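What follows is a single structure, written as structure tokens, with notes after it.
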Amino acid sequence: NAGVTQTPKFRILKIGQSMTLQCTQDMNHNYMYWYRQDPGMGLKLIYYSVGAGITDKGEVPNGYNVSRSTTEDFPLRLELAAPSQTSVYFCASSYGGRRSSSYEQYFGPGTRLTVT
Amino acid sequence: AQSVAQPEDQVNVAEGNPLTVKCTYSVSGNPYLFWYVQYPNRGLQFLLKYITGDNLVKGSYGFEAEFNKSQTSFHLKKPSALVSDSALYFCAVSRGNSGGYQKVTFGTGTKLQVIP
Chain A
13 NAGVTQTPKF RILKIGQSMT LQCTQDMNHN YMYWYRQDPG MGLKLIYYSV GAGITDKGEV
73 PNGYNVSRST TEDFPLRLEL AAPSQTSVYF CASSYGGRRS SSYEQYFGPG TRLTVT
Chain B
3 AQSVAQPEDQ VNVAEGNPLT VKCTYSVSGN PYLFWYVQYP NRGLQFLLKY ITGDNLVKGS
63 YGFEAEFNKS QTSFHLKKPS ALVSDSALYF CAVSRGNSGG YQKVTFGTGT KLQVIP
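Listed below in structure tokens is the structure:
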């Protein structure tokens, strides 16, 4: 099992450019998440999905979009990149079902994004 | 609203000494509590969790944590620290449930430095 994989590992964007961060998991988890991590701020949830075709906003969704067409893939789209989106982005997945919040999350290695 | 507090930004401990990383939480109803570890330039890795049952939970790499309901705490402990334990540690809480998505709130992290 590869677990959760993310591409790219690093990216530099100019203000106003767009990009898609890719995330794939091979554990057949139905829950998937996107977080951003800023120094000293912990993790902030951007979007989450409880299954293919179902997505919802987290704490900080502005400037981002997601889709979930398959169980395995959960790409994050940045439109019109801004310096405030400079961060490290993590994708995660977990089992979901009865007592879904009792299950731990599995994280990808992250994408370090700089917007200049 | 649920929350997690990790009161220490950094904890320094000598190799071989016991370590404690503190976590307190606030959530309505029964809590599900988690500890994750993050090594440099890596994603978070699950260490252990409390769902129900015995208040002392044992996890990976010799770590354990004690759930204290009256003090709303879930401190991470290890009897003898290793230099390789040096990393960033996150506590997380969600509300116990019987189904459906429940928000997970992460603390801001505590950097553990084990001194040789």
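Top line first, the protein sequences correspond to chains A and B.
Numbering-wise (my numbering), the first sequence opens with residue 13 and increments by one.
Numbering-wise (my numbering), the second sequence opens with residue 3 and increments by one.
C-beta atoms are modelled at their ideal positions from N, C-alpha and C, and glycine is treated no differently.
It should be emphasised that the depicted structure is a prediction, and the values quoted were computed from it without experimental measurement.
Closest Cα partner of residue i within the set the options
i              : options                           : result
residue 34(A)  : 106(A), 17(A) and 100(A)          : 17(A)
residue 40(B)  : 112(A), 102(A), 113(A) and 109(A) : 102(A)
residue 121(A) : 75(B), 47(B) and 9(B)             : 47(B)
residue 71(A)  : 55(A), 110(A) and 39(A)           : 55(A)
residue 28(B)  : 18(B), 117(B), 94(B) and 13(B)    : 94(B)
residue 91(A)  : 14(A), 82(A), 15(A) and 74(A)     : 74(A)
residue 72(B)  : 32(B), 4(B), 113(B) and 17(B)     : 32(B)
Separation of residue j from residue i, as counted between CA atoms
i              : j              : result
residue 107(B) : residue 86(A)  : 21 Å
residue 20(A)  : residue 123(A) : 6 Å
residue 56(B)  : residue 26(B)  : 18 Å
residue 82(B)  : residue 65(B)  : 10 Å
residue 110(B) : residue 91(B)  : 9 Å
residue 42(B)  : residue 86(B)  : 12 Å
Residue i (DSSP reduced to helix, strand or coil)
i              : result
residue 104(B) : coil
residue 87(B)  : helix
residue 112(A) : helix
Requested in this report: Scan the region 82-114 of chain B for residues whose Cβ lies nearer than 8 Å to a Cβ of chain A and list them as they occur along the chain.
Outcome: 92, 96, 97, 98, 99, 100, 101, 102, 103, 104, 105, 106, 108, 109, 110 and 111
Requested in this report: Anything in the region 87-116 of chain A with a Cβ closer than 8 Å to a Cβ of chain B? List those residues in chain order, please.
Outcome: 102, 104, 108, 109, 110, 111, 112, 113, 114 and 116
**Report entry** chain A contacts from the region 7-37 of chain B (Cβ-Cβ distance under 9 Å)
**Finding:** 8, 11, 34 and 36
Query raised in the report: Can at least three beta-carbon pairs, one atom from the region 35-51 of chain A and one from the region 104-112 of chain A, be found at a separation below 8 Å?
Result: yes
**Report entry** Interface positions of the region 50-65 of chain B facing chain A (Cβ-Cβ less than 7 Å), listed along the chain
**Finding:** 51 and 53
Query - Given 8 Å, three or more beta-carbon pairs between the region 60-75 of chain A and the region 5-19 of chain B - result: no
Query - Interface positions of the region 74-87 of chain A facing chain B (Cβ-Cβ less than 7 Å), listed along the chain - result: none
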